[in-house]
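Chemist: Can you keep this structure in mind? I'll have questions shortly.
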Amino acid sequence: MLDQTAKLKDWLGRSRREDDELSTGSVRRLAALLDQDPSPYRRGVELPEAWYAILFGPTARQSIIGRDGHPKTGDDLLPPLHNTRRMFAGRRATFHKPLKVGDMVERVSTIRNVEPKTGRTGSFVLVTIVHEISAGSGVAVTEEQDLVYREDATAAADGAAKPAQQAKPKAATEQADHTVEWTPDTVQLFRYSALTYNAHRIHYDLPYAREIEGYPALVINGGLTALMLVEAARPKLAGTIAGYDARAMAPLFMGQTVLLNSRAAGDTVETWASSPEGGVHYRVNISLNKK
């Protein structure tokens, strides 16, 4: 995979246009997943900012799905990174105007960066995609999304999966002023994968996660963790959300108790998901609109 990087820059600037509908059913199902009352979400109601993440689930044909459950790369947008595993690394979103339940929306996705890197967990290729989501006249959401592609998992000589390369969580240096405890279960994880049409097998196929990718348990979806952090902090937000910066620090696994922490700092609310031992696995820094 990494010996192909000399040609990867050819994919810079490539773009793809898609359309979708912010359906009442999808929004209500997300509300239910977040343990909220779904009934207020009728056509024309403004969407909570971070909920746009349920839009544009992949529509790749079944014949081009890889063994990990993701669409194979080398299509009209993503460069051909063969024999790789894809992981979500983070996203930065800016909210320009509200989306509303029932909106017909369009997304233009453009490759901004393709870069080979070496980090604490080995070599990988970082792909940054810029998404512009429009409804009616003008852009409603701009998102930069970072995807990491690593060499595919290989089995050891005895047939056992090698342990997945994982960053070790570092302890938080800040003190939370609000904490909510969350214990994700397999049903919630499945519902989120189904709602977003995310077929990555590490989220629902335990034998695959353990035996092929070397994880100790099912991996909690980063997008779900980000939503849980935002919603846990929402009652404490002193204003509407202007944008956020979400970063995956280390995997969270099924069976873990997760602490959803937040701390106000002026026009920013810092949130982080940590283990009871204090290690930080995920961060979302929320920027608020100034009054």
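Quick note on this note's numbering: the sequence shown kicks off at 16 and runs consecutively. Backbone N, C-alpha and C fix where the C-beta goes; we use that ideal spot for every residue, glycine too. Just so it is clear, the structure is predicted and the values come from calculations on it, not from any experiment.
Skipping 5 residues on each side, what residues in its chain have a beta carbon closer than 6 Å to that of Ala214?
Modeler: Excluding residues within five positions, the ones whose Cβ falls inside 6 Å are Gly84.
Chemist: Check the DSSP bridge columns for Trp26 and list the partner residues they point to.
Modeler: Per DSSP, none; premise fails for Trp26.
Chemist: With 16 other CB atoms within 10 Å as the buried threshold, where does Val79 fall?
Modeler: Reading off the sequence, residue 79 comes out as Ile, not Val. Exposed is the call here.
Chemist: Give the DSSP-derived three-state secondary structure of Phe110 in the structure shown.
Modeler: Correct three-state label for Phe110: strand.
Chemist: Going by alpha carbons, who is nearest to Ala247 out of Val154, Ala257, Ser277 and Leu114?
Modeler: Comparing Cα-Cα distances from Ala247 to each of Val154, Ala257, Ser277 and Leu114, the minimum goes to Ser277.
Chemist: Buried or exposed, going by whether 16 or more other CB atoms sit within 10 Å of the CB of Tyr223?
Modeler: Flag for Tyr223 reads buried.
Chemist: Looking only at its chain, what residues have a beta carbon closer than 7 Å to the beta carbon of Asp18, apart from the 5 residues adjacent to it on each side?
Modeler: Because the pLDDT of Asp18 is 45, which lies under 50, any placement of that residue in the model is unreliable, and the number read from its coordinates should be weighed accordingly. Excluding positions up to five away in sequence, the list is empty.
Chemist: Can you give me the C-alpha to C-alpha distance between Arg43 and Leu92, rounded to a whole angstrom?
Modeler: Arg43 and Leu92: Cα-Cα distance of roughly 31 Å.
Chemist: Buried or exposed for Pro250, please, with buried defined as at least 16 other CB atoms from any protein chain shown within 10 angstroms of its CB.
Modeler: With fewer than 16 other Cβ atoms within 10 Å, it is exposed.
Chemist: Applying the criterion that 16 or more other CB atoms from any shown protein chain within 10 Å of the CB defines a buried residue, is Ser54 buried or exposed?
Modeler: Exposed.
Chemist: Alpha carbon to alpha carbon, what distance is there between Glu147 and Gly174?
Modeler: Interpretation of Gly174 is limited by its pLDDT of 49, a score under 50 that renders its predicted location unreliable; no figure is taken from the coordinates.
Chemist: Between the stretch 18-38 and the stretch 193-209, can you find at least three pairs of beta-carbon atoms closer than 8 Å?
Modeler: Touching, no.
Chemist: At the level of alpha carbons, what is the spacing between Val116 and Thr39?
Modeler: In a straight line, the C-alpha of Val116 is about 6 Å away from that of Thr39.
Chemist: Could you check whether the stretch 185-203 touches the stretch 115-134, counting it as contact only if at least three pairs of C-beta atoms, one from each stretch, sit closer than 8 Å?
Modeler: Not touching, per the Cβ criterion.
Chemist: Would you report the Cα separation of Asp282 and Asp118, rounded to the nearest angstrom?
Modeler: Roughly 29 Å separates the two Cα atoms.
Chemist: Which residue's Cα is closest to the Cα of Thr74: Gly294, Val60 and Asp90?
Modeler: Considering only alpha carbons, the answer is Asp90.
Chemist: Quick one: grab the DSSP three-state call for Ala170.
Modeler: Per-residue confidence for Ala170 stands at a pLDDT of 43, beneath the threshold of 50, marking its modelled position as unreliable; the derived number appears in the next sentence. Three-state DSSP puts Ala170 in a strand.
Chemist: Measuring straight from C-alpha to C-alpha, what distance separates Phe103 and Arg82?
Modeler: Approximately 17 Å, taken between the alpha carbons.
Chemist: What first and last residue would you give for the alpha helix (DSSP H) that runs through Ala214?
Modeler: Run containing Ala214: none; DSSP gives neither H nor E here.
Chemist: Taking the continuous alpha helix (DSSP H) assigned at Glu246, which residues delimit it?
Modeler: From DSSP, the alpha helix (DSSP H) with Glu246 extends over Gly237 to Ala248.
Chemist: Can you tell me whether Pro291 is buried or exposed, with buried defined as 16 or more other CB within 10 angstroms of its CB?
Modeler: Exposed.
Chemist: Measure the C-alpha to C-alpha separation of Arg101 and Ala261 and round it to an integer number of angstroms.
Modeler: Roughly 17 Å separates the two Cα atoms.
Chemist: Check Phe139 in the structure and name its three-state DSSP category.
Modeler: It is a strand residue.
Chemist: Buried or exposed, going by whether 16 or more other CB atoms sit within 10 Å of the CB of Ala280?
Modeler: Its Cβ having fewer than 16 others within 10 Å, Ala280 is exposed.
Chemist: Can you tell me whether DSSP reads Lys87 as helix, strand or coil?
Modeler: Correct three-state label for Lys87: coil.
Chemist: Would DSSP call Glu64 helix, strand or coil?
Modeler: Note: Glu64 maps to helix in three-state DSSP.
Chemist: Applying the 10 Å Cβ sphere with the 16-neighbour rule, what's the burial state of Val299?
Modeler: Buried is the call here.
Chemist: If you count every other CB in all the chains shown that lies within 10 Å of the CB of Tyr212, and 16 or more means buried, which is it?
Modeler: Under this definition Tyr212 is an exposed residue.
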